[in-house]
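S.K.:
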């Protein structure tokens, strides 16, 4: 399985380059598409919109206001029924108060169907989804149309679309420093990553489906799914920090 890695800064530090060489990782251009991802610490979960690897978090007032209301957060703990948590819109995230020690958090924000008629393209249904897990050592059952979940095996994640494994899906993993690496899912939908640094990671998978449908009362000709899985590793090498925070674009762009 091939892997590649990119950095939001101009070049890796010498010791970091050595680690990448050992891991068999090469440079790759950074991704630029927006995503949503969850962070959870100290009893507070935050659902961000932007680009984790570029340290870009959209704000309110701004592009964070383009979502239709505040998403519901689903919290799950072992041996307890799923709990729905209401949140509020903050300056750079939707904010939620979590209880106890959740095993997984899940959110599916609602975004208006995108009109692309000026480009002679059909309307697009864009569905971002975010999942947070407390540990990669415990398997998680997929629930979203496009989901990315840990299998319980070291470093192994599984891509599932409409309940079935999604072969050849491209999964990108952003490390705590903003470096990214990409792997292609096998026939069973699984990918395996090396995670040498401690800190926050965000994995992302995308899938496009050209089957027409309807969402939020509007027809569309193409559906685009972007799903993230975030987790924090308490053990590993110290990681460089994320690049300086990027400036959000004005709303409407």
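Numbering (mature numbering (1 follows the signal peptide of the UniProt record, and there is no 0)), first residue to last: -33 to -1, 1 to 220.
C-beta atoms are modelled at their ideal positions from N, C-alpha and C, and glycine is treated no differently.
1) What is the DSSP secondary structure of residue 94, counted as helix, strand or coil?
2) When burial is assigned at 16 or more other CB atoms within 10 Å of the CB, is residue 25 buried or exposed?
3) For residue 196, collect the residues of the same chain with a Cβ closer than 6 Å to its Cβ; drop the 5 residues on either side in sequence, then sort them by chain order.
4) How about residue 128 and residue 187: are their beta carbons less than 8 Å apart?
5) What's the gap between the Cα of residue 35 and the Cα of residue 179?
6) Helix, strand or coil for residue 27, going by three-state DSSP, please let me know.
7) Excluding the 5 residues flanking residue 215 on each side, which residues of the same chain have their C-beta closer than 8 Å to its C-beta?
8) Judging by CA-CA distance, which residue of 134, 135 and 149 is the nearest neighbour of residue 141?
9) Just the Cα atoms here: how many angstroms apart are residue 60 and residue 143?
10) Look at the alpha carbon of residue 105 and the alpha carbon of residue 32, and state the distance between them as a whole number of angstroms.
11) Sorted by chain position, which residues of the same chain lie with C-beta nearer than 6 Å to residue 207's C-beta, five sequence neighbours on each side aside?
12) Specify the secondary structure class of residue 85 as computed by DSSP and reduced to three states.
13) Taking 8 Å as the cut-off, decide whether the C-beta atoms of residue 122 and residue 162 are in contact.
M.R.: On the basis of the data shown:
1) Here residue 94 corresponds to residue number 127 of the chain shown, with the count starting at 1. Correct three-state label for residue 94: strand.
2) Here residue 25 refers to the residue found at position 58 of the chain shown. It is buried - the Cβ of residue 25 has at least 16 other Cβ atoms within 10 Å.
3) Counting from one through the chain shown, the residue named residue 196 turns up at place 229. So the qualifying residues of the chain are 98, 115 and 170.
4) Indexing the chain shown from 1 puts residue 128 at position 161. Indexing the chain shown from 1 puts residue 187 at position 220. Against a cut-off of 8 Å, the Cβ pair of residue 187 and residue 128 comes out as no contact.
5) Mapped onto the chain shown, residue 35 falls at position 68. Mapped onto the chain shown, residue 179 falls at position 212. Cα-Cα distance, rounded: 22 Å.
6) For the purposes of this step, residue 27 is taken as the residue at position 60 of the chain shown. Coil.
7) Numbered from 1 along the chain shown, position 248 holds the residue referred to as residue 215. Taken in chain order, the residues that qualify are 17, 23, 24, 25, 26, 29 and 30.
8) Against the chain shown, residue 141 aligns to sequence position 174. The shortest Cα separation from residue 141 among 134, 135 and 149 belongs to 149.
9) In the chain shown, counting from the first residue as 1, residue 60 sits at position 93. In the chain shown, counting from the first residue as 1, residue 143 sits at position 176. Rounded to whole angstroms, residue 60 to residue 143 spans 19 Å at the Cα level.
10) Taking the chain shown and counting its residues from 1, one reaches residue 105 at position 138. Taking the chain shown and counting its residues from 1, one reaches residue 32 at position 65. If you take the alpha carbons of residue 105 and residue 32, they lie about 35 Å apart.
11) If you number the chain shown from 1, residue 207 lands on position 240. Within the same chain, residue 207 has close Cβ partners 144.
12) As a position in the chain shown, residue 85 is number 118, starting the count at 1. Helix, per DSSP.
13) As a first step, residue 122 is located in the chain shown; it is residue number 155 there, counting from the start. As a first step, residue 162 is located in the chain shown; it is residue number 195 there, counting from the start. Yes, Cβ-Cβ distance for residue 122 and residue 162 is below 8 Å.
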